[in-house]
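S.K.: I have a structure I would like to understand better, so I am pasting it below and will then ask my questions one at a time.
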Amino acid sequence: MSVAGGVVTRTDDDARLPAPAPRRRSKYGLAPYGFLLPALLVYACFLLYPLGRAVQISLYDWDGLSLATFVGAANYVDVVTDPQLRAAFGHALVLIFYFAVLPLGIGLVLAALLTRARVRGLGFFRTVVFLPQVIAMVVVAVAWRQIYAPAGQLNTLLRAVGLDSLTRTWLGDFTLTLHAVGLIGSWVSTGLVTVLLMAGMSRVPGELYEAATIDGAGPVRTFLSITVPSVRAEIVVSLTLTIIAALKTFDLIYVTTAGGPGSTTTVPSFEVYRRAFELGEVGSAAAIAVVLTVLIFLINLAVNRIGEHER
Numbered sequence: 027m028s029v030a031g032g033v034v035t036r037t038d039d040d041a042r043l044p045a046p047a048p049r050r051r052s053k054y055g056l057a058p059y060g061f062l063l064p065a066l067l068v069y070a071c072f073l074l075y076p077l078g079r080a081v082q083i084s085l086y087d088w089d090g091l092s093l094a095t096f097v098g099a100a101n102y103v104d105v106v107t108d109p110q111l112r113a114a115f116g117h118a119l120v121l122i123f124y125f126a127v128l129p130l131g132i133g134l135v136l137a138a139l140l141t142r143a144r145v146r147g148l149g150f151f152r153t154v155v156f157l158p159q160v161i162a163m164v165v166v167a168v169a170w171r172q173i174y175a176p177a178g179q180l181n182t183l184l185r186a187v188g189l190d191s192l193t194r195t196w197l198g199d200f201t202l203t204l205h206a207v208g209l210i211g212s213w214v215s216t217g218l219v220t221v222l223l224m225a226g227m228s229r230v231p232g233e234l235y236e237a238a239t240i241d242g243a244g245p246v247r248t249f250l251s252i253t254v255p256s257v258r259a260e261i262v263v264s265l266t267l268t269i270i271a272a273l274k275t276f277d278l279i280y281v282t283t284a285g286g287p288g289s290t291t292t293v294p295s296f297e298v299y300r301r302a303f304e305l306g307e308v309g310s311a312a313a314i315a316v317v318l319t320v321l322i323f324l325i326n327l328a329v330n331r332i333g334e335h336e337r
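Everything in the sequence shown is counted per the numbering used here, starting at 27 for the first residue and increasing by one.
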């Protein structure tokens, strides 16, 4: 196209330009959406609808049987102002350390040692450390309740090695009970985290470690500069799964301590059960559940955002 004497003329090059191709519709049409529909229906029925119903119930004062009274955001105000509920959410945050942070630290070191050592029977080891994940948490809780009992295996072992002064009623001590329960979570989560990290570390090229050794990097420097950055995606997945497990734990608390002694091991999910089925405060229980859901979402969103930023 050219301009001559104020007149726009069409050149041969312009004439040779191909016309824009019309937009083609997919030959599959709406068929892919049809395949997605069953999964979307299940998701809507078993997640979106219950969540919406919980939000609705949380706006009422209701015992589950009689007529409900609309109270607006009063139940949410109670979640924020009730000292017992604030303590329950604080206990859940403590459990995050035992379910997520501690297993991640142990798993990183353990996976690095096993992967680099190339020990025999690695598949068997993976099976053994992953075993707590396939055992029902109720079974785990019952077993550890026996271990922590006053005449249980832990105190028996301490007495056998002459450490009688360290024996405790582990699930009846106001100071130690929450930490004792948290260590059960560490035992359960460490296997999962270790297996995930071992899978990630097995894909790290050996040439990177050889180059680091030639450059004079020691084991710690190699671990921090090569191993940890290489499994960042696995770390994010591990933290996501274990943080969710920590915040929603119920059966472990219910079987081992039932929230005691006193209220030292109450957690939000246990408060949901107690208020809904023991106190008849269904609206309050729904509000706690909604707040817990939002908290889980926000914490895991932050973890994933940090992981993406570090990449």
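Note that the Cβ used here is the ideal one computed from N, Cα and C, for glycine as well.
The structure presented is a predicted model; accordingly, all values stated were derived computationally and were not measured.
Can you say whether G133 is buried or exposed, counting buried as having 16 or more other CB atoms within 10 angstroms of its CB?
M.R.: For this step, residue 133 is matched to residue 107 along the sequence shown. Classification of G133: buried, given that the 10 Å Cβ count is 16 or more.
S.K.: Quick one: what's got a C-beta closer than 8 angstroms to A272's C-beta in the same chain, skipping five residues either side?
M.R.: In the sequence shown, residue 272 corresponds to position 246, counting from 1. Only A118, L121, I122, Y124, F125, A126 and G211 meet the Cβ criterion.
S.K.: Among residues of its own chain, excluding the 5 on either side of R171, which ones have a beta-carbon nearer than 6 angstroms to its beta-carbon?
M.R.: On the sequence shown, position 145 is the one that residue 171 refers to. T282.
S.K.: Is DSSP giving F96 helix, strand or coil here?
M.R.: Locating residue 96 in the sequence shown gives position 70, where the first residue counts as 1. In this structure, F96 counts as strand in the three-state DSSP scheme.
S.K.: Would you mind reading off the limits of the alpha helix (DSSP H) that contains G78?
M.R.: Position 52 of the sequence shown holds residue 78. Start and end: Y75 to I83.
S.K.: Any contact of the stretch 84 to 102 with the stretch 307 to 314, i.e. 3+ C-beta pairs under 8 angstroms?
M.R.: Contact holds: three or more Cβ-Cβ distances are below 8 angstroms.
S.K.: Would you call the stretch 165 to 182 and the stretch 225 to 245 touching, i.e. three or more CB-CB distances under 8 angstroms?
M.R.: Cβ pair count under 8 angstroms is below three, so no.
S.K.: Consult DSSP for D104 and reduce its assignment to one of helix, strand or coil.
M.R.: By 1-based counting over the sequence shown, the position of residue 104 is 78. The answer is helix: DSSP assigns D104 an H, G or I state.
S.K.: Which stretch, first to last residue, makes up the alpha helix (DSSP H) that contains L192?
M.R.: Here the question's residue 192 lines up with position 166 in the sequence shown. L192 -> no alpha helix (DSSP H), and no H or E assigned at all.
S.K.: With a threshold of 16 other CB atoms inside 10 Å of the CB of L62, please say whether the residue is buried or exposed.
M.R.: Taking the sequence shown and counting its residues from 1, the one referred to as residue 62 is at position 36. Per the 10 Å Cβ criterion, exposed.
S.K.: Using C-beta distances below 7 angstroms, list every residue in its chain close to A206, excluding the 5 sequence neighbours before and after it, in chain order.
M.R.: Looking up residue 206 in the sequence shown gives position 180. Y174, W196 and L197.
S.K.: Which residues share a DSSP beta bridge with D87?
M.R.: What you label residue 87 is simply residue 61 of the sequence shown in a count that begins at 1. Per DSSP, T95.
S.K.: So, under 8 angstroms CB-CB, L249 and A138 are touching, yes? Tell me the CB distance rounded to an integer number of Å.
M.R.: The residue given as residue 249 occupies position 223 in the sequence shown. The residue given as residue 138 occupies position 112 in the sequence shown. Note that residue 249 is Phe in the sequence shown here, rather than Leu. About 6 angstroms separates the two Cβ atoms, so the contact holds.
S.K.: For A302, is the classification buried or exposed, using 16 other Cβ atoms within 10 angstroms of its Cβ as the cut-off for buried?
M.R.: Taking the sequence shown and counting its residues from 1, one reaches residue 302 at position 276. Buried, by the Cβ-count rule.
S.K.: The alpha helix (DSSP H) spanning F151 covers which residue range?
M.R.: Walking along the sequence shown from the start, residue 151 turns up at place 125. F151 -> alpha helix (DSSP H) spans L148 to V160.
S.K.: What's the C-alpha gap between F323 and F151?
M.R.: Taking the first residue of the sequence shown as 1, we reach residue 323 at position 297. Taking the first residue of the sequence shown as 1, we reach residue 151 at position 125. Cα-Cα distance, rounded: 33 angstroms.
S.K.: By DSSP, does G277 sit in helix, in strand, or in coil?
M.R.: Within the sequence shown, numbered from 1, the residue matching residue 277 stands at position 251. Correcting the residue type first, residue 277 is Asp in the shown sequence and not Gly. Here D277 sits in helix by DSSP.
S.K.: Near T220, what residues of its chain come up, given a Cβ to Cβ distance below 7 angstroms and the 5 sequence neighbours on each side ignored?
M.R.: Numbered from its first residue, the sequence shown carries residue 220 at position 194. G133, L136, A137 and V155.
S.K.: Assuming W196 is part of the alpha helix (DSSP H), what are its boundary residues?
M.R.: Your numbering for residue 196 matches position 170 in the sequence shown. Careful: W196 lies outside any alpha helix (DSSP H) and carries neither H nor E.
S.K.: Return yes when the Cβ of L218 is within less than 9 angstroms of the Cβ of L265, no when it is not.
M.R.: Counting from one through the sequence shown, the residue named residue 265 turns up at place 239. Counting from one through the sequence shown, the residue named residue 218 turns up at place 192. Cβ atoms of L265 and L218: not closer than 9 angstroms.
S.K.: Let me check you understand the geometry: is the CB of F276 closer than 8 angstroms to at least one non-hydrogen atom of the ligand SAH?
M.R.: The ligand SAH is not among the ligands present in this structure, which contains no ligands whatsoever.
S.K.: Does the Cβ-Cβ distance between P294 and L318 come in under 9 angstroms?
M.R.: Taking the sequence shown and counting its residues from 1, the one referred to as residue 294 is at position 268. Taking the sequence shown and counting its residues from 1, the one referred to as residue 318 is at position 292. It is a contact, given that the beta carbons lie within the stated cut-off.
S.K.: Quick one: give me the first and last residue of the alpha helix (DSSP H) that E236 is part of.
M.R.: The residue labelled residue 236 in the question sits at position 210 within the sequence shown. Here the alpha helix (DSSP H) through E236 covers G232 to I240.
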